[in-house]
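Student: Chains A and B are the protein sequences, given in the same order. The opening residue of the first sequence carries number 1 in the numbering used here; numbering runs sequentially from there. The opening residue of the second sequence carries number 581 in the numbering used here; numbering runs sequentially from there.
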Amino acid sequence: MAEIVIDGKSYSFEGKPKLLDFILSKDKEVPFFCYHPSMSAPANCRMCMVKVGQYVKNRDTGEYELDEHGERQIRWFPKLQTSCNMDMMDDMIVHTHETDNLVKRAHKDTLEMILINHPLDCPICDQAGECPLQIQTYKYGPEGSRFEVKKQHKPKHVQLGPRVTLDAERCINCTRCTRFTDEISQSHQLTITRRGDKNHPTTAPGTVFDDPYSMNTIDLCPVGALTSTDFRFKARVWEMNQTPGLDITNGKGVNVDLWTRDNLVLRITPRHNPHVNDYWMTDKGRDAIQLYNENRLSTPSLRLHPKDKDLVMTSWDNTLQTIQEIVESTDSKQILSLGSPYASVEENAAWAHFSQTILKQKPSYTAHVEKGAGDGFLLVDDQAPNTAGCDLLGLKKRTKAALKKAVSESQVIFSLHDDYIERGWITKEDLKGKTWIYFGTNLTQIANAATLTVPITCAAEHTASYINVDQRIQRTYPAKETKYTNRRLDLEMSEGRLDRFGTKFDHWVNEDNKIDCKPLWEIVSDLFSLWGQTITYRHGRDVLESLNQTITALDGITYQAMDDHRGVLLSTSEPQEAST
Amino acid sequence: MSDWKSYEPTLIPNIEGMHQLDTYRKHGGYEALHSVLHDSKKWPDPSSVVQEVKDANIRGRGGAGFNAGLKWSFMPPADGGPRYLACNGDESEPGTFKDRKIFEYNPFLFIEGATIAAYAMSITTIYVYIRGEYRSWIKKMEKAVSDAYDAGLLGKNIMGSTFSVDLVLHSGAGAYICGEETSLLESLEGKRGYPRVKPPFPAQRGLWGRPTTINNIETLSNVPGVIRNGATWFKSIGAETHPGPILYGISGHVNRPGVYELPSGMPVMTLIEEVAQGVKDGKKLKAIIPGGSSTPILPAKDLENLTMDADALRGAGSMMGTAGMVVMDEDTDIVETLWRISKFYHHESCGQCTPCREGTGWLEKILEKVVKGEGTSRDLDLLLDITSQMEGRTICALADAAAWPVRYTISRFREEFEARCKPSLVPVG
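(1) Determine which residues of the region 946-971 of chain B have a Cβ less than 7 angstroms from any Cβ of chain A, and write them out in chain order.
(2) Going along the chain, which residues of its own chain have a beta-carbon closer than 6 angstroms to the beta-carbon of B:T762, five neighbours each way excluded?
(3) Any Cβ of chain B within less than 8 angstroms of the Cβ of A:P17?
(4) Please go through the region 434-470 of chain A and give each complete beta strand (DSSP E) segment of 3 or more residues, from N-terminal end onward.
(5) Thinking just about the alpha-carbon of each residue, which of B:T940, B:K949, B:V950 is nearest to the one in B:P985?
(6) Output, in sequence order along the chain, the residues in the region 144-162 of chain A whose CB is closer than 8 angstroms to any CB in chain B.
(7) Pull out every residue of the region 42-60 of chain A whose Cβ sits closer than 8 angstroms to any Cβ of chain B, in chain order.
(8) Could you work out which residues of chain A lie near B:P935, taking near to mean beta carbons separated by less than 8 angstroms?
(9) Just the chain A side, please: which residues come within less than 7 angstroms of B:Q932 by C-beta, in chain order?
(10) Among the residues of its own chain, which have a CB less than 7 angstroms from the CB of A:H36, if the five just before and after it don't count?
(11) When you compare each of B:A700, B:D659, B:Y664 to B:S653 by their alpha carbons, which one comes out closest?
(12) Could you tell me the distance, in whole angstroms, from the CA atom of A:D121 to the CA atom of A:D310?
(13) Please report the distance separating the alpha-carbon of B:L765 from that of A:E347.
(14) Please list, in chain order, the chain A residues whose beta carbon lies closer than 7 angstroms to that of B:W942.
(15) Kindly indicate which residue of B:E611, B:R639, B:F814, B:V950 has the alpha-carbon position closest to the one of A:E148.
(16) Cα separation between A:W238 and A:T249?
(17) In chain order, what residues of the region 914-930 of chain B put their CB closer than 8 angstroms to some CB of chain A?
(18) Between A:K252 and A:L66, is the Cβ-Cβ spacing less than 8 angstroms?
(19) Can you pull the chain A residues whose beta carbon is under 9 angstroms from the beta carbon of B:I975, in chain order?
(20) Kindly indicate if chain A contains any beta-carbon less than 8 angstroms away from that of B:G740.
(21) I want to verify the contact list: residues of chain A whose CB lies under 7 angstroms from the CB of B:G939, in sequence order.
(22) If you draw a straight line from the alpha carbon of B:G955 to that of B:C1001, how long is it in whole angstroms?
(23) Among B:T989, B:D602, B:V803, B:V745, which one has its Cα closest to the Cα of B:Y664?
(24) Mind pulling the chain A residues with CB within less than 9 angstroms of B:R772?
(25) Given a threshold of 16 other Cβ atoms within 10 Å of its Cβ, counted over all protein chains shown, does B:A612 qualify as buried or as exposed?
(26) What are the boundary residues of the beta strand (DSSP E) that A:H95 is part of?
(27) Here's a check: name, in chain order, each residue in its chain whose Cβ is nearer than 8 angstroms to the Cβ of A:E71, leaving out the five neighbours to either side.
(28) In the DSSP output, which residue or residues are listed as bridge partners for B:H750?
(29) Which same chain residues end up closer than 6 angstroms to B:A755 when comparing Cβ atoms and leaving out the 5 residues on each side of it in sequence?
(30) Measuring only between beta-carbons, confirm whether B:V848 sits less than 8 angstroms from chain A.
(31) According to DSSP, simplified to helix, strand and coil, what is A:R286?
(32) In this structure, what does DSSP give as the bridge partners for A:C45?
(33) Taking only beta carbons into account, state which residues of the region 450-483 of chain A come closer than 9 angstroms to chain B, listed in chain order.
(34) Mark A:P667 as exposed unless 16 or more other C-beta atoms lie within 10 angstroms of its C-beta, in which case mark it buried.
(35) Would you kindly work out how many angstroms separate the C-alpha atoms of A:Y342 and A:T387, rounded to a whole number?
(36) Kindly list, in the order they appear in chain B, the residues whose Cβ is closer than 9 angstroms to that of A:A235.
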């Protein structure tokens, strides 16, 4: 076991960790820009300087050499060292800025240098509020600048690709973006061009930065040089709530943060989870903001006559009663009940419970797997976030042909989420003469063709869990309000703001953009009561708790456990018989 | 040193047609390589060659002055994989123009030296990196290399032995930074010329991650002489701690600028007054930059009894560098000279590390202000402050190379800078 002394405190370590990694792991701080835990350390920002020395040992005896005061002699490195690429050695002595003025001075000097050509346009910069340069300048920077000559001008608002806009003047040449395309996404699309203080990242002439992971460079950029073409100038960081969530556009189950203001999801960024996505996410996953914000089903709607072109809005009470009338007037053999891999475990389970009790049948589902769509990184073939969840609940999987056949043989169809028409599995003609009751979040083609649409909450509006392709169960939080929820009353919702800025209330939320929708389990509970049964699911937790009893693999799985372990890897991948 | 007039040049001897292979061989060329490859009594194994070169103490002629043989000995034992020798002919330091003389007048001497080095270190491929602007010298080298291949002096089974090595010429694209040994490797790999972080050192992980040694062209050109005449002969030439012949490139305000091969440790004043035949137009000497533009300037008063070797120059507060001496007469505008030098380093900073990328531009811009008479004496202190923010804070030594001229020129010629500046404090009223 080797020993190291950092700021007078000794630590033991094994192997050959890098000094910066080690210091950060001890909850100490060393400022840095170019270093990133998942990429190589180029040591180019020269910010993470520390003073390093080693105890001198007598070559013959192996004893420590002592000075006149009986203290161990230290041989200091002649220059300050960057800690990000420094291998730790036994008997090393390290002084950070906490204990050494020269290190403190070096931080100040480097920041002064970085800032001389950096435009001081924080008031209009998207990065302000979450900018490492801004934060470190306040903490370690000089009081003012001694730079009184002309700044270097570089290209501004350069469209590097469809999603990323570059402001080269803000760039501090940390090369995180180029290293990302070299080492992580391996598209090699970005490089640094020109020389010296004219340096900036760019693509090769005639090519665009259309890497499917391009927007990670925006998150990586320690300044506002790379900005989101879509999001830039839309909102200040401090106006938004940051709520943890999941990427529902793919079966990988990438962990994300949803950034909301006024009940709109304005951007989605990756959330670190070493078991799933590390620090990254796909650009496709960020497009989910459209699913959450646009074209939403709000208020139940009914087609009064099969020939009517449009659906008309109706009340929730009327909706439930209509469903009851339809079910009671139809032979249960004529009813088809469908679950969905796009819906959460809780939604599918609640629906399965209702379906088995009242409709006398277990729901089936169709998987949405596109062979070859996966890339071996964060995109997998499975396009739905919860296929494994459907399997675990014991839902029968139907092929395209089986679905078409089942639809043609049924009179009443209950379906969840999936847009079979858009996917080309059935056509509008197949719906002729059928009663189609659709529980969904968006006005899809199937919603347009349905008899009754019942709006349910989306992944950004409820607490529910999803099981990814690797059998990891993870959960979402409500990030935006519906007509029936209140951020100030729901403690789980306000977390982001309370933690980051310490404000008690969220002043950036108003009544706009609230959707008239309910969680599916609430609708199911209301339906049960129409049939005189008291089964109450008021929260996703209620559904999960009932699953704890009935499905072995989910025994002991709670939201708390998922929070504590960044999702829980389920012990079995075998489909279980659900007996609810 | 008075016997310099009788010194017989060995690197660029005064022999017509030395650039042709047959002439070169007629004058003892390739004897050294032959003995290394075939005289197993004298050279039982490659390490004996390394030892001889180490004993000769050929200090690197590219500027750092590190013992070449010692550098060779850092190469790990051969493991059957590829190993490389990169020959640095980028020669981009202003005031330096010595290696091109070798390319032009004695290319086979260098090629022989590189081949011996390749044998000594079990190198499989030699890369010769030549400054891109040296179009005509690259052509000359291409001819020489192809002649050497034709004569069986490069390629498979050199001189009938079991030793084989290839030599590849690579022309730079005009970046000063690619003369820095690790960015030279990056450039050879086809990448952007950014210096690498050390450790790992090139001997452990160099070109394409394989053991690599980088030597200057002039350094390698000294190797055949050492092999033929022995380390003792080499050590008897010139200064004791920095022995051997040196190509002095003298430029600036002298009557006969040029490259002169003379022993190391030549008195500076002899070089100026006798070798280069004095300062132009009979003017007085003001200062010299001894070894390329990054080495600290020395005022004329410090040049009496000063000799051109690493230790003497360090004692005088400068460096040997590449021995490319720039001579400046009494009418030289030191302020403008420094501005021009800073402009060069600003233009050539690769921009990888913050202090150099930002600092070089800042230095240039303040110096421009001073040259235009808009500077204040406070700016001079700021300049010195900036240099201390750059020195020793970067991956490679370019920040130092850019900072030293500023630091030492201002501290050694402060009055001239003050004279161009307005006072910092302007009295009120």
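The beta-carbon is built from N, C-alpha and C at its ideal position, and this holds for glycine as well. Source: prediction; values computed, not measured.
Tutor: Concretely, from the data shown:
(1) Among the residues of the region 946-971 of chain B, those with a Cβ less than 7 angstroms away from any Cβ of chain A are I946, K949, L962, Q969, in the order of the chain.
(2) Within the second sequence, numbered from 1, the residue matching residue 762 of chain B stands at position 182. The answer, listed in chain order, is P775, R776.
(3) The residue given as residue 17 of chain A occupies position 17 in the first sequence. No, no contact with chain B.
(4) If you keep only unbroken beta strand (DSSP E) runs of at least 3 residues inside the region 434-470 of chain A, you get 435-440, 452-455, 465-467.
(5) Counting from one through the second sequence, the residue named residue 985 of chain B turns up at place 405. Ranking the options by Cα distance to B:P985, first place goes to B:T940.
(6) Taking 8 angstroms as the Cβ-Cβ cut-off against chain B, the residues of the region 144-162 of chain A that qualify are R146, F147, V149, K150, Q152.
(7) Answer set for the region 42-60 of chain A: P42, A43, N44, C45, R46, M47, M49.
(8) Translated into positions along the second sequence, residue 935 of chain B becomes position 355. What B:P935 touches in chain A, judged by beta-carbon distance under 8 angstroms, is R46, D109, T110, M113, going in chain order.
(9) On the second sequence, position 352 is the one that residue 932 of chain B refers to. Close partners of B:Q932 in chain A (Cβ separation under 7 angstroms): N44.
(10) Here residue 36 of chain A corresponds to residue number 36 of the first sequence, with the count starting at 1. Excluding five sequence positions before and after A:H36, the CB atoms of its chain that fall closer than 7 angstroms to its own CB belong to R176, L220, given in chain order.
(11) In the second sequence, residue 653 of chain B corresponds to position 73, counting from 1. Of the listed residues, the one whose Cα sits closest to B:S653 is B:A700.
(12) Here residue 121 of chain A refers to the residue found at position 121 when the first sequence is read from its first residue. Here residue 310 of chain A refers to the residue found at position 310 when the first sequence is read from its first residue. Distance from the CA of A:D121 to the CA of A:D310, rounded to the nearest whole angstrom, comes to 51 angstroms.
(13) Counting from 1 along the second sequence, the entry for residue 765 of chain B is found at position 185. Counting from 1 along the first sequence, the entry for residue 347 of chain A is found at position 347. Approximately 59 angstroms between the Cα atoms of the pair.
(14) The residue you call residue 942 of chain B lines up with position 362 of the second sequence. Within 7 angstroms of the CB of B:W942, the CB atoms of chain A belong to I116, F147, in sequence order along the chain.
(15) In the first sequence, the residue the question calls residue 148 of chain A occupies position 148. Closest by C-alpha distance to A:E148, out of B:E611, B:R639, B:F814, B:V950, is B:V950.
(16) Position 238 of the first sequence, counted from the first residue, corresponds to residue 238 of chain A. Position 249 of the first sequence, counted from the first residue, corresponds to residue 249 of chain A. If you take the alpha carbons of A:W238 and A:T249, they lie about 27 angstroms apart.
(17) Result list: H926, H927, E928, S929, C930.
(18) Walking along the first sequence from the start, residue 252 of chain A turns up at place 252. Walking along the first sequence from the start, residue 66 of chain A turns up at place 66. Contact: no.
(19) What you label residue 975 of chain B is simply residue 395 of the second sequence in a count that begins at 1. By Cβ distance, chain A contributes P42, A43, N44, R46, T82.
(20) Your numbering for residue 740 of chain B matches position 160 in the second sequence. Judged by the 8 angstroms Cβ criterion, B:G740 is not in contact with chain A.
(21) For the purposes of this step, residue 939 of chain B is identified with residue 359 of the second sequence, where counting begins at 1. Within chain A, the residues near B:G939 are M113.
(22) Looking up residue 955 of chain B in the second sequence gives position 375. Looking up residue 1001 of chain B in the second sequence gives position 421. Approximately 5 angstroms between the Cα atoms of the pair.
(23) Locating residue 664 of chain B in the second sequence gives position 84, where the first residue counts as 1. Here the closest residue by C-alpha is B:V745.
(24) As a position in the second sequence, residue 772 of chain B is number 192, starting the count at 1. Simply T191, I192, T193.
(25) Numbered from 1 along the second sequence, position 32 holds the residue referred to as residue 612 of chain B. Burial call: buried.
(26) In the first sequence, residue 95 of chain A corresponds to position 95, counting from 1. For A:H95, the uninterrupted beta strand (DSSP E) segment begins and ends at 92-95.
(27) The sequence position of residue 71 of chain A within the first sequence is 71, counting from 1. Same-chain partners within the cutoff: there are none.
(28) Reading the second sequence from its first residue, position 170 is the one you call residue 750 of chain B. For B:H750, which the question treats as bridged, DSSP gives the partners B:Y709.
(29) Taking the first residue of the second sequence as 1, we reach residue 755 of chain B at position 175. Annotation for B:A755: G773 place their beta carbon closer than 6 angstroms to its own, counting only its chain and skipping 5 residues before and after.
(30) Translated into the one-based positions of the second sequence, residue 848 of chain B becomes position 268. Chain A places no beta carbon closer than 8 angstroms to that of B:V848, leaving this residue out of the contacts.
(31) Within the first sequence, numbered from 1, the residue matching residue 286 of chain A stands at position 286. Note: A:R286 maps to helix in three-state DSSP.
(32) One-based indexing of the first sequence puts residue 45 of chain A at position 45. Under DSSP, A:C45 forms no beta bridge with any residue.
(33) Of all residues in the region 450-483 of chain A, none has a Cβ within less than 9 angstroms of some Cβ in chain B.
(34) Residue 667 of chain A is absent from the model: chain A starts at 1 and stops at 580.
(35) Along the first sequence, one-based indexing puts residue 342 of chain A at 342. Along the first sequence, one-based indexing puts residue 387 of chain A at 387. So the alpha carbons of these two residues sit roughly 8 angstroms apart.
(36) Your numbering for residue 235 of chain A matches position 235 in the first sequence. Below the 9 angstroms Cβ cutoff, chain B contributes no neighbours of A:A235, its closest Cβ being approximately 31 angstroms away.
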